[in-house]
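Its first residue numbered 77, the sequence shown is counted upward by one per residue in this note's numbering. Beta carbons: idealized from backbone N, C-alpha and C, even for Gly. Remember, it's a predicted structure, so these values are computed and weren't measured experimentally. One structure is given below, encoded as structure tokens.
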Amino acid sequence: MPIKKSYLSLLFWLFVAGSGAALVGLAGLYLYLSPKLPPVESLRQVQLQTPLRVYSSDGKLIGEFGEQRRTPLSFEEIPDLYIKALLSAEDAEFYDHSGVSIRGLLRAASQLLKTGEIQSGGSTLTMQLARDFFLSRDQVFSRKFNEILLALQIENELSKQEILELFSNKMFFGNRAYGIQAAAQIYYGKDAEELELHQWAMIVGVLKAPSAYNPLANLERAMIRRNWILGRMLELGHIDQATYEVAVNTPDNARYHGATLELYAPYIAELARREAIDRFGEEAYTDGYKVYTTINSRYQAAAQDAVVKGLLTYDWRHGYRGPEAQWGERPEDLSTWTEALDDLTAFGNLEPAVVTAVGEQSAEVLLDTGETLELGWEQGLSTARRYINENARGALPETASDVVSVGDLIRLYQIEGAWHLRQIPDAQAALVGLDPENGAIRSLVGGFDFRQSNFNRALQAERQPGSSFKPFVYTAALKNGFTPATLVNDSPIVIEDASLEGAWRPENDGGTFLGPTRLREALYRSRNLVSIRVLRSIGIDALLETLGEFGFDPESLPRNLSLALGSHALTPLEMARGYAIFANGGYRVEPYLVESIENVDGEVIHQARPLTVCRTCKPLANEEEPESLVADIFTEPPSPETSSSQWPQTERNREALEPETPLDQPAQLALLDEADAVIPPPIAPRVLDEQTAYIIDSMLRDVIARGTGRRARVLDRSDIGGKTGTTNGPRDAWFAGYSPHIVTVAWLGFDQYQMLGRGEYGGSAALPIWINYMRTALEGKPDQLRPQPEGIVTVRIDPENGRRAQPGDPDAIFEIFRAEEVPPYDSNGNGGSTVETEQLPEELF
77 MPIKKSYLSL LFWLFVAGSG AALVGLAGLY LYLSPKLPPV ESLRQVQLQT PLRVYSSDGK
137 LIGEFGEQRR TPLSFEEIPD LYIKALLSAE DAEFYDHSGV SIRGLLRAAS QLLKTGEIQS
197 GGSTLTMQLA RDFFLSRDQV FSRKFNEILL ALQIENELSK QEILELFSNK MFFGNRAYGI
257 QAAAQIYYGK DAEELELHQW AMIVGVLKAP SAYNPLANLE RAMIRRNWIL GRMLELGHID
317 QATYEVAVNT PDNARYHGAT LELYAPYIAE LARREAIDRF GEEAYTDGYK VYTTINSRYQ
377 AAAQDAVVKG LLTYDWRHGY RGPEAQWGER PEDLSTWTEA LDDLTAFGNL EPAVVTAVGE
437 QSAEVLLDTG ETLELGWEQG LSTARRYINE NARGALPETA SDVVSVGDLI RLYQIEGAWH
497 LRQIPDAQAA LVGLDPENGA IRSLVGGFDF RQSNFNRALQ AERQPGSSFK PFVYTAALKN
557 GFTPATLVND SPIVIEDASL EGAWRPENDG GTFLGPTRLR EALYRSRNLV SIRVLRSIGI
617 DALLETLGEF GFDPESLPRN LSLALGSHAL TPLEMARGYA IFANGGYRVE PYLVESIENV
677 DGEVIHQARP LTVCRTCKPL ANEEEPESLV ADIFTEPPSP ETSSSQWPQT ERNREALEPE
737 TPLDQPAQLA LLDEADAVIP PPIAPRVLDE QTAYIIDSML RDVIARGTGR RARVLDRSDI
797 GGKTGTTNGP RDAWFAGYSP HIVTVAWLGF DQYQMLGRGE YGGSAALPIW INYMRTALEG
857 KPDQLRPQPE GIVTVRIDPE NGRRAQPGDP DAIFEIFRAE EVPPYDSNGN GGSTVETEQL
917 PEELF
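See below:
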């Protein structure tokens with residue numbers, strides 16, 4: 077008996093000693109580790125990495141940038157089914173413990189003793205959260221103790237709801253998906269609230285091992301994990317037997333869904349991305365900024381469609397160049413071809429297809445979906461004349477075999493619901509549309525397809541504008557004594573100019589000459605020799621001064637007469653900025669793309685303040701104009717005085733900018749919107765007087781009414797003007813035009829400056845793009861003719877000589893003049909222009 081008592085006493089004291097040693101060890105470990113632990117309070121201020129998102133002005137997503145796709149949800153937005161699946165799989169006792177599960181730790185310890193290796197960590201959701209926020213995934217004891225200590229602190233300072241919210245938004249679900257909303261989007265293309273039970277079980281299953289249990293990488297293993305989770309939910313009473321049976325027998329339909337873009341505008345998205353990086357650095361990719369652009373989604377879709385159709389139309393009329401590749405004889409198993417097709421990109425909505433059979437006047441083709449369809453004779457086969465060069469095509473085909481063969485990799489384009497044979501064009505095109513009232517970019521397309529080439533031709537392609545530059549020359553002439561009725565001789569000229577490397581013999585298109593020609597007619601007929609004589613008369617300096625007012629850099633322009641024909645290379649955006657002055661009646665605005673930027677909390681941290689047209693306002697004293705946004709790809713310098721101001725560009729605000737009487741500075745400041753406390757934007761400077769702006773507008777409208785832009789009459793509007801442009805070769809085709817509602821420039825050409833082909837002009841290649849776009853951009857907009865300003869009068873003239881017509885002259889036409897420039901009657905009773913023909917400068921004749 078004493079021996080037994082002594083033995084028990086020994087065991088007791090050994091236990092006490094061991095427990096004491098363990099407590100001392102744990103206390104020492106706590107004292108050693110606790111100072112190194114991060115403060116749990118930092119979880120409340122944690123900045124979850126959220127990608128940069130770019131939107132149109134009407135809130136459509138057009139771009140997403142950042143490695144971690146994440147859309148944080150509040151606890152109230154987290155679906156109950158997900159929480160039940162999560163707790164069933166990861167922590168059934170979540171609401172019963174204080175951050176650490178003793179049962180889980182004992183289970184982990186038991187596995188360690190049995191196997192000698194760490195099999196599971198026994199981690200609660202709170203411990204997993206602590207690890208993912210603050211620790212590594214290394215399976216070492218010190219990390220486990222840190223997890224425990226942090227979990228206890230987290231549970232002490234955060235509510236269970238806050239823990240679940242952080243966990244659900246922080247954890248990695250594979251395939252760049254962080255958080256349940258991103259996971260729902262990536263795997264099922266839906267919002268979290270739309271997922272069903274079996275889908276939540278699958279997503280929760282990914283948490284255990286995002287690679288091993290990923291349904292996109294290992295569906296069989298992922299299904300086993302999913303069904304186990306469903307079984308746990310049944311076992312714990314979260315679902316009933318019937319619900320379990322339905323869910324466990326439902327096949328999974330997970331597949332990769334990229335960013336769900338609502339509007340295809342990759343060139344815009346890239347510009348906005350660059351501006352965000354310029355402003356915020358690399359943090360732009362992770363800090364959840366939302367960039368709202370000036371893009372109108374309907375206009376942008378129309379611009380994209382117009383560029384693609386315009387290029388396909390131009391390309392097809394020059395002939396079919398043959399298949400992209402030849403895949404040989406038809407295999408017995410077409411799946412090999414289907415898989416190869418699936419790897420190809422549908423540039424410009426041109427779907428890849430391979431010919432599987434050829435009939436007399438039809439062909440059978442295979443799509444990447446595995447579907448086969450018949451390509452009929454009238455679906456591109458009958459018009460597929462062989463391309464020889466830019467000026468020549470082969471004969472019309474007689475049978476389908478003249479065009480395609482089995483194994484040909486071809487492209488199909490859908491027209492009115494039917495697939496037609498087409499090809500990826502070699503040429504490129506660009507279009508930009510601006511709001512002439514404030515320079516907001518409403519649409520921009522930089523090429524046929526961004527995935528084919530991310531070179532943005534609307535901003536980066538400097539090409540000679542040709543005759544589309546002439547309106548600037550004619551504007552300078554109107555400012556320097558010319559009138560629309562001034563006669564200028566359209567006849568051959570030889571110019572000796574050292575800067576042009578010898579004698580220059582410019583010509584008109586077609587080699588014809590009209591002789592003495594009124595300035596208006598010379599513009600709408602695009603007479604080169606008249607433009608050169610006009611520039612020689614007013615002088616290079618006068619033109620450069622005017623071009624500077626239009627926003628062009630005079631220092632970069634050539635000081636020779638070739639400038640009259642648009643010899644200096646410019647981008648479509650620079651041309652649009654210049655034409656905006658014609659559209660708005662004489663005010664210079666600057667193009668801009670980013671309307672506002674919000675941080676992750678929805679606070680506006682940047683609001684654009686563009687130069688805005690106000691026809692009755694006096695400019696504010698010391699008003700600083702924003703630097704040009706053209707040269708620096710829209711990198712607007714932030715201003716401490718204006719960066720936080722907000723001025724929504726609405727019709728209501730525009731009306732506020734247009735009071736009935738001119739305002740001085742105090743009165744303008746009183747225009748602050750009382751409800752929104754916003755500051756009016758800076759006023760666009762007037763650079764062209766009303767009379768000159770009115771006259772050049774009427775001349776540019778004649779280009780469409782009776783000149784080289786007459787194809788645009790199909791729009792049936794009287795308020796549109798513009799000018800075609802074609803350069804030598806021809807190598808570039810332009811149309812720059814406008815209405816008071818929008819200014820648009822379209823360009824078409826080759827990146828390598830190849831010839832476009834005989835018969836290709838601005839009016840045939842670029843103008844159709846402009847028309848197709850403007851048809852949408854002007855839909856529902858009223859025909860808005862500019863009111864005739866004071867000082868402008870209309871008189872009847874003789875169209876042959878530009879002189880005032882005698883009363884009753886049946887051939888007389890109306891012309892507009894400044895009141896002081898109306899041609900007076902001469903002493904013989906005959907009319908005469910402001911400057912008599914025989915008194916005109918010699919260079920005009």
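Start-end ranges of the beta strand (DSSP E) lying completely within the region 541-572, minimum 3 residues: 563-566
Please name the residue in VAL665, VAL790 and GLU679 whose C-alpha comes closest to that of ALA760. VAL665
Does the structure place the region 247-262 close enough to the region 227-237 that three or more beta carbon pairs sit under 8 Å? no
Let me make sure I understand the geometry here. Which of THR459, GLY509, ALA471 and GLU440 has the alpha-carbon closest to that of GLU450? GLU440
In whole angstroms, what is the alpha-carbon distance linking GLU346 and PHE526? 10 Å
Supposed close pair ARG308, SER164 - CB separation, criterion 8 Å: 4 Å
Give a single yes or no on whether ASP887 has its beta carbon closer than 6 Å to a heavy atom of the ligand ATP. Among the components modelled here there is no ligand, and therefore nothing to report on the ligand ATP.
To the nearest angstrom, report how far apart GLN864 and GLY662 are at their CA atoms. 14 Å
Could you spell out the range, first to last residue, of the beta strand (DSSP E) harbouring TRP495? 494-498
Of all the options THR414, TYR171 and ARG793, which has the alpha carbon lying nearest to the alpha carbon of THR432? THR414
Distance between beta carbons of HIS333 and ILE262, contact taken as under 8 Å: 6 Å
Output yes or no for whether 7 Å exceeds the beta carbon distance between GLY927 and ARG596. Residue 927 cannot be examined here, being either before or after the span of the chain that is shown, 77 to 921.
Assign GLU166 to one of two classes, buried (16 or more other C-beta atoms within 10 Å of its C-beta) or exposed (fewer than that). buried
When LEU306, TYR289, ASN303 and ASP502 are compared against LEU388, the one with the closest alpha-carbon: ASP502
Suppose the cutoff is 6 Å on Cβ atoms and the five residues either side in sequence are ignored; what does the same chain contact list for GLU674 look like? LYS366 and VAL680
Around the Cβ of PHE626, are there at least 16 other Cβ atoms within 10 angstroms (buried) or fewer (exposed)? buried
Based on Cα-Cα distance, which residue from GLY142, ARG469, ASN329 and HIS314 lies nearest to GLY357? GLY142
When DSSP labels each residue in this structure, what does TYR108 get in the three-state scheme? Model confidence at TYR108 stands at a pLDDT of 40, short of 50, so the residue's coordinates are unreliable and nothing is read from them.
How would you label PHE524, buried or exposed, when you count the other beta carbons within 10 angstroms and need 16 or more for buried? buried
The region 890-900 touching the region 787-796, judged by at least three CB pairs closer than 8 Å: no
Beta carbon of ILE353 nearer than 7 Å to that of LEU426: no
When DSSP builds the beta bridges, which residues end up paired with THR802? ALA809
If you drop the 5 nearest sequence neighbours on each side, which residues of the same chain put their C-beta closer than 6 Å to that of TRP276? LEU157, TYR158 and ALA161
Assuming the contact rule is C-beta atoms closer than 8 Å, TRP495 and GLN455 should be a hit. Round their C-beta distance to whole Å, please. 6 Å
Under a Cβ-count criterion, where at least 16 other Cβ atoms within 10 Å of its own Cβ denotes burial, should GLY856 be classed as buried or exposed? exposed
Measure from the alpha carbon of ILE780 to the alpha carbon of each residue in ASP765, GLY839 and VAL869, then state which is nearest. GLY839
Which residues does DSSP list as the beta-bridge partners of THR688? ILE759
Count the CB pairs spanning the region 839-851 and the region 401-418 that are closer than 8 Å, and state whether there are at least three. no
Integer-rounded CB distance, given that PHE589 should sit under 8 Å from SER567: 5 Å
Spatial distance of ASP677 from THR362 (CA atoms): 13 Å
CB-CB under 6 Å to ALA534, same chain, minus the five flanking residues each way: which ones, in chain order? ALA506, VAL508, LEU520, GLY522, PRO648 and LEU649
Which residues does DSSP list as the beta-bridge partners of LEU488? GLU427 and LEU497
Close Cβ partners of GLY386 (< 8 Å) along its chain, the five nearest in sequence each way excluded: ALA505, ALA822, LEU824, ALA841, ALA842, PRO844, ILE845 and ASN848
Please report the straight-line C-alpha distance between PHE826 and VAL384, rounded to a whole angstrom. 15 Å
For SER287, name the three-state secondary structure that DSSP assigns. coil
Three-way DSSP call (helix, strand, coil) for TRP392 in this model: helix
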